[in-house]
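Presented below is the structure to which this report refers.
There are 2 protein chains.
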Amino acid sequence: MAREAMCPLLWIAAWALLIHGCAAGQAPQVLSTRNDIRDCSADPPYLPPTATNTTVHLAMLRGIMRTQGVHAYIVPSTDAHMSEYISKQDARLGWLTGFTGSAGTAVVTQDKAALWTDSRYWTQAERELDCNWELQRTTSIESIGMWILKVVPAEGNVSLDPFLFSIDTWNSYSQALHGSGRALLPLETNLVDQAWGDQRPPPSSSEIYSLPAEFTGSSWQEKVAGIRQQMEQHVQRPTAVLLSGLEETAWLFNLRGDDIPYNPVFYSYTLLTDTTISLFVDESRLSAAARESLGLSCPGPLCVELQEYGQVSAHLHRYTQGNVTVWLGTEYTTYGLYRIIPQGKLLEENYSPVMMAKAVKNAHEQEMLRAAHVRDAVAVVQYLLWLEKTVPQGQVDEFSGAQHIDALRWAQEHSRGPSFQSISASGLNAALAHYSPSNGSSRTLSTREMYLFDTGGQYLDGTTDITRTVHWGEPTPLQKEAYTRVLMGNIDLSRLVFPSNTAGRTVESFARRALWDVGLNYGHGTGHGIGNFLSVHEWPVGFQSNNVPLEAGMFTSIEPGYYQDGEFGIRIEDVALVVEAQTEHQSGEETFLTFEMVSLVPYDRNLIDLSLLSPEQIRYLNSYYETIRAHVGPELRRQQLEEAYTWLQENTKPFPVSSAGTTTAGTLALASLLSMLLSRLGA
Amino acid sequence: MAREAMCPLLWIAAWALLIHGCAAGQAPQVLSTRNDIRDCSADPPYLPPTATNTTVHLAMLRGIMRTQGVHAYIVPSTDAHMSEYISKQDARLGWLTGFTGSAGTAVVTQDKAALWTDSRYWTQAERELDCNWELQRTTSIESIGMWILKVVPAEGNVSLDPFLFSIDTWNSYSQALHGSGRALLPLETNLVDQAWGDQRPPPSSSEIYSLPAEFTGSSWQEKVAGIRQQMEQHVQRPTAVLLSGLEETAWLFNLRGDDIPYNPVFYSYTLLTDTTISLFVDESRLSAAARESLGLSCPGPLCVELQEYGQVSAHLHRYTQGNVTVWLGTEYTTYGLYRIIPQGKLLEENYSPVMMAKAVKNAHEQEMLRAAHVRDAVAVVQYLLWLEKTVPQGQVDEFSGAQHIDALRWAQEHSRGPSFQSISASGLNAALAHYSPSNGSSRTLSTREMYLFDTGGQYLDGTTDITRTVHWGEPTPLQKEAYTRVLMGNIDLSRLVFPSNTAGRTVESFARRALWDVGLNYGHGTGHGIGNFLSVHEWPVGFQSNNVPLEAGMFTSIEPGYYQDGEFGIRIEDVALVVEAQTEHQSGEETFLTFEMVSLVPYDRNLIDLSLLSPEQIRYLNSYYETIRAHVGPELRRQQLEEAYTWLQENTKPFPVSSAGTTTAGTLALASLLSMLLSRLGA
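Taken in order, these protein sequences are the chains called A and B. Numbers given in the numbering used here equal positions in the first sequence, counted from 1, plus 1189. Numbers given in the numbering used here equal positions in the second sequence, counted from 1, plus 1189.
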């Protein structure tokens, strides 16, 4: 699932990359002018029934802004941890604007209000916003800044909550207003929260638990020791690492929670120093086992001191009075925390050492992720078989399909539900790369159109994410060609051999070339990291400019696609592990890497035009199918899914390699027959 | 010729990229420990006879440093325009250290002196430095900074000439010393020049001339109008553009000079404002025609006011007192000029609009570059023919070979000599990607080893650069495989179809994949822009991270290679033009690009292993050879070079395409014969 991914400076949606211009080689596109569904100039204004009346909420916020002397207030869509998914109590943008998309920014003044969002969400925004809101069809901070300069008088105050903006985003706003006379004021009291008052959902109170030892790659003490070793070896000798990404703390302590949908994390911060460990969390929510695990070595350098979540700023302030250096990841630390630390006491890198350590899975973590993908493949194969039988009867729609695959995953061992909201899109709906069906307004699957499903599971041993696109009838020539070329891209990148330390960005074009060859392309990124029972989009692995170089032990999705507006959408997504490659030659000390496929589900034979594939691509495909048979076959039998087993055998049959080699074999056979005949004739 | 190229922040040698880690996907390499040729601990110290005694020069500099209160003085290898090649009067590093390599940095204190350079130059530095100098085998500013912190006491003054350092380099030094108590002082009087005194070579006094109209893409007035239009349309409304790159001024005014070897430029700056044009240059050197051309429209907005070269700082200072905004390219503007402009009056982009305009050649400029390459191909074909005949007799060495191809180029119409020092390297010498032979110590070419020549010409209509690698005897299997894979890389990148606005960095791996497949690679960049009778390395086009996205009308070299230490070296370099691609499908408004080969010389058939090539690669090669025949053949005939013409025909014969198609034809023939026989048997 490539739906969300991080562009430089911000957690921004991958599908928005065409607009942001941060996909490989993509320049910003000229935006087409389009009509709004809403007609706010009509009398009375026309609004679709899905619009939310925001007049009261806006009036409340404006009242508070007046008392604070704020002329414009900026409201983002993320939380204090720059999370990709947020909890209900952080859905400030939705409460204020009515817009429920996952990416957007609102700016409110006394007489104006505007929402900025990317093309994935334009239709949704038009359906959800009322006429209080202008819709701005871009997300560039430059554009937001220009709007502010237009509507806020010089000497005006522009304000935001510094704990909801990354360092870079703050800098961009600061830059946009620089020299204009308008001040950018960080206000630690969140004005939307004040307006929201007691209507705001309470924070989660569910249990935070320790992962059983069998599901961890190493103990939290080993992880802490590893990070401290890195601190000692760093040339700048940091005395502490500050963790504000929720995955960082969850991974470090082998703890999980469910504060955020689909991501088993919990609200927390960690300050790991050379001698102490402070975990900022609601202590009462820790399970007894978790509390015990954290307190085993108290007092001492491996004693985790529990502190209130809200105390992180004060603690950090006190800590940085001393002769210390704090190491943090600038890509996801908020400006609110950052500005507490004096400039000379900062060690800034894009990602913290915890993020980097988490990205390279050790042998046990690799085994777990492989195992989770085998069980996940069972669910997906069952789903494909079920679709094949039920779709022709017209009994499945996008929504019931999504429900069915979720259920199939839940039935697998160690399942903890889906890893993101299932994308289940038929026909033209799949051309909206971002599309999730809702009950009641969902398209019926049919043998007359293509169907794309992009789904994944959370298992105690690993997180999965896979996309398959299928057609049960007669695909058009363009559909077949586009599907085959998307598949060729997936294969070309998957079988690439490349030097260690290669940046993903420099090789992701291999996933696009087969499409480029005939003038096709896709507008999103090509892949993202994935966790062990953590996020389905795990930074910093992937193929974008802000991803780190590929290393053995990293997992990434590989997911080229093609989208034909108003007609169909194709995506083929697999998760792959970066492994060392065995090469014919050795050049110096350079080692080479390649990918090992971890997702194990065959592609739709009905959509493959074999004549487009090179012999090498076909051989790769056949070898991949052998791997699928070897790993998923036994698991299907173990689960006594005989019909699915038969389906798998049928769908992983080797393809004929129409290479020169094969043809030569045929020629040889003919020639020997001929020689036999000739000798007979001679006789 | 990829010898020199610019890494982020600095003009740094492309061959040094392995060390700097800015080639695609290259991480910094661990440097091997090696013994110095010098033995400075022996008594008396051992020095090779090539070493220069620098004691007197150092003493002179140290005396001046003492009077200025400078504890450490930093001396770079470049000039005030961040030129890749420099004139003799800017060879400060050579005068001070004895080291004559093109890239390095020296730091001198009262009792220590050290030189930093990259691996290309380690051997040369050991041969040229005396025992006054430590050799530091890296070029990172971090390393220089750490050395300074070690040898300069706290409160010490570290100084440099701000007109010899780019903005980014200054910032890096500033960062490295930040908070250490040591001050970084920009001293506008260059201390080396003071020490050098009247021994310093005088500035060039040769004529600066106008290009004849037939050799320009457009008049300088049209160019100025185009830049002013961009200024008006820019959202930040700059009032002036500051040009400090020598190519910028030369291109803008269609003027040329010969202040710098191989590059037909002259010392100058330009400040182009919305209403005035100031050209800072030694007015007495302008030819009468040049002076007339510049003064045609005086007074008025298209009048070029001539000012003294040395007045640029004072003029810029005066100009920026007003309500102005100065647009400049940060990649190559010096800190000395930059710091004159108040922060709020700067418009900083990586490259000035002149650099960007120069990079996209118009139709006439394209035609001129194509024509220059046809004549250049004639010279190279003549050279290959001559080598074929004379090498077996043992009469050619690297140096005489280089002289011969230079002479062949001089004989071509519009020639103005070589565009860089010819690289002519036989056997193991070619494994040093940077290698130019010198008279007397040059290796004899032989049929027993490979020979690489990387050469280019300056012509009034265009600059050329081409590398061919040949073997007249029996190549080893590895040589043949490596050559073929380098060729496959050249072909794969050359025939790539990609969306417009793709960054070179995201596609350059296509030139490496065939090598990567078997564990081979090369440590330099894959290509660079090239000018119309300007620099052989023209920014900002190319495949590195600081190059701009590819656009139709840009020219770039494509030059993969492979280097086997101590044995042989391979490089295949062509210049290509970015053109629009005709694709089978259209996806939205995205246009696609591809390359058109402009270099027109066949590859060595003796080194190509056809069995490694795909049918598509062979077909591409055959079509390229057809183009060579069509363009170079007639020119050879026109020049009455019949023997070369015959050689060309022989060396551009189509290769057999051993594709499935061909084999199928054979099979069909057999099958029909068989059916005939069978019918006879039946009869």
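Just so it is clear, CB atoms sit at the ideal spot from N, CA and C, and this is done for glycine as well. Bear in mind the structure is a predicted one, so any value in this text is a computation, not a measurement.
query: Between which two residues does the beta strand (DSSP E) carrying Y1521/B extend?
result: For Y1521/B, no beta strand (DSSP E) run applies, since DSSP gives it neither H nor E.
- prompt: If we count the other Cβ atoms within 10 Å of its Cβ and call it buried at 16 or more, is N1512/B buried or exposed?
  reply: Counting Cβ neighbours within 10 Å, N1512/B comes out exposed, since fewer than 16 surround it.
query: Got a sec: which bits of the segment 1328-1359 of chain B sit with their beta carbon under 7 Å from any beta carbon on chain A, in order along the chain?
result: Residues passing the 7 Å Cβ filter: none.
task: Give the single residue among Y1274/A, D1681/A, E1769/A whose Cα lies nearest to the Cα of Q1806/A.
output: For Q1806/A, the nearest C-alpha among the options comes from D1681/A.
task: Please go through the segment 1769-1844 of chain A and give each complete alpha helix (DSSP H) segment of 4 or more residues, from N-terminal end onward.
output: Within the segment 1769-1844 of chain A, the complete alpha helix (DSSP H) runs of at least 4 residues are 1804-1827, 1831-1840.
query: Is any beta-carbon of chain B found at less than 8 Å from that of S1803/A?
result: Under the Cβ distance rule, S1803/A counts among the residues neighbouring chain B, one pair being separated by less than 8 Å.
field: Under 7 Å by beta carbon: chain B residues contacting E1779/A
entry: Per Cβ cutoff of 7 Å: N1710.
- prompt: By how many angstroms is the C-alpha of Q1278/B removed from the C-alpha of E1317/B?
  reply: Using only the alpha carbons, I get a separation of about 19 Å.
task: State yes or no: is the beta carbon of G1533/B nearer than 8 Å to at least one beta carbon in chain A?
output: Among the residues facing chain A, G1533/B is included, as its CB has a counterpart in that chain under 8 Å away.
message: Quick check on the burial criterion: 16 or more other C-beta atoms within 10 angstroms. Buried or exposed for R1632/B?
response: Label assigned to R1632/B: buried.
Which of helix, strand or coil DSSP assigns to T1652/A: Here T1652/A carries a strand assignment [DSSP, helix/strand/coil].
- prompt: Considering only C-alpha positions, which residue in the set G1645/B, S1589/B, G1590/B is nearest to Q1601/B?
  reply: It is G1645/B.
Residue from I1416/A, S1689/A, G1590/A, N1443/A whose Cα sits closest to the Cα of S1776/A: When each option's Cα is compared against that of S1776/A, the closest is S1689/A.
task: Leaving aside the five residues before and after L1400/B along the sequence, list all residues of the same chain whose C-beta is less than 8 Å from its C-beta, in chain order.
output: Closer than 8 Å at Cβ, skipping near neighbours: N1443, L1444, R1445, L1649, F1722.
- prompt: Mind checking if A1213/B is an interface residue toward chain A, Cβ cutoff 8 Å exclusive?
  reply: Reliability fails at A1213/B, whose pLDDT of 32 lies under 50, so the model's placement of it is uncertain and no value is given.
- prompt: Tell me which same chain residues have a C-beta within less than 6 Å of the C-beta of V1501/A, skipping the five on either side of it?
  reply: Excluding sequence positions up to five before and after V1501/A, its CB lies within less than 6 Å of the CB of Y1458, F1469, all in the same chain and listed in chain order.
field: Sub-8 Å separation of N1840/A and R1794/A beta-carbons
entry: The beta carbons of N1840/A and R1794/A sit closer together than 8 Å.
Beta-bridge pairing of P1265/B - partner residues as DSSP gives them: Beta-bridge pairing by DSSP links P1265/B to T1294/B.
query: Going straight from the alpha carbon of D1798/B to that of L1517/A, what length do you get?
result: Approximately 52 Å, taken between the alpha carbons.
task: Would you mind reading off the limits of the alpha helix (DSSP H) that contains E1556/B?
output: Where E1556/B is concerned, the enclosing alpha helix (DSSP H) stretches over 1552-1579.
field: Alpha carbon of L1374/B to alpha carbon of K1669/B, nearest angstrom
entry: Answer to the nearest angstrom: the Cα atoms are 55 Å apart.
message: With a threshold of 8 Å between beta-carbons, can P1749/A be considered close to chain B, or not?
response: Taking CB atoms only, P1749/A has no neighbour in chain B less than 8 Å away.
task: Note down the Cα distance separating S1291/A from E1315/A, rounded to an integer number of angstroms.
output: Their Cα atoms are separated by approximately 15 Å.
message: According to DSSP, R1657/A sits in a beta bridge with which residue or residues?
response: In the DSSP output, where bridge partners are listed per residue, R1657/A has F1642/A.
query: In whole angstroms, what separates the C-alpha of T1294/B from that of W1359/B?
result: The straight-line gap from Cα to Cα measures roughly 13 Å.
task: Could you give the DSSP three-state label for S1272/A: helix, strand or coil?
output: Reduced to three states, the DSSP call for S1272/A is coil.
field: For D1300/B and R1760/B, the rounded distance between their alpha carbons
entry: Between the alpha carbons of R1760/B and D1300/B lies a distance of about 44 Å.
message: Tell me which residues share the same chain as P1453/B and place their Cβ nearer than 8 Å to its Cβ, disregarding the 5 neighbours each side in the sequence.
response: Short of 8 Å from the beta carbon of P1453/B, and not among the five residues preceding or following it, lie these beta carbons of its own chain, in chain order: A1439, R1445, G1446, D1447, R1605, Q1647, F1722, L1723.
- request: Give me the Cα-Cα distance between E1437/A and I1330/B, rounded to the nearest whole angstrom.
  value: If I take the Cα positions, the gap works out to 33 Å.
field: Inter-residue Cα distance where the pair is L1483/B and S1433/B
entry: Within the model, the alpha-carbon separation for L1483/B versus S1433/B is close to 19 Å.
message: Below 8 Å on the Cβ atoms is my contact criterion, and I expect L1825/B with V1549/B to pass it. Report the Cβ-Cβ distance as a whole number of Å.
response: Contact doesn't hold; Cβ gap of about 31 Å is too wide.
message: Less than 8 Å between CB atoms is the rule here; does I1208/B satisfy it with respect to chain A?
response: With a pLDDT of 27 at I1208/B, under the threshold of 50, the modelled position of this residue cannot be trusted; read the value that follows with caution. Closer than 8 Å: no.
- request: List the whole-angstrom C-beta distance separating T1523/B from F1354/B, where the pair is believed to meet the contact cut-off of C-beta under 8 Å.
  value: Confirmed, Cβ separation roughly 6 Å.
- request: Determine which residues of the segment 1618-1636 of chain B have a Cβ less than 9 Å from any Cβ of chain A, and write them out in chain order.
  value: Those residues of the segment 1618-1636 of chain B that come within reach of chain A (Cβ to Cβ, closer than 9 Å) do not exist; the list is empty.
- request: Taking all protein chains shown into account, decide if M1335/B is buried (16 or more other Cβ within 10 angstroms of its Cβ) or exposed.
  value: Counting Cβ neighbours within 10 Å, M1335/B comes out exposed, since fewer than 16 surround it.
- prompt: Going along the chain, which residues of its own chain have a beta-carbon closer than 6 Å to the beta-carbon of I1530/A, five neighbours each way excluded?
  reply: Excluding residues within five positions, the ones whose Cβ falls inside 6 Å are T1509, V1515.
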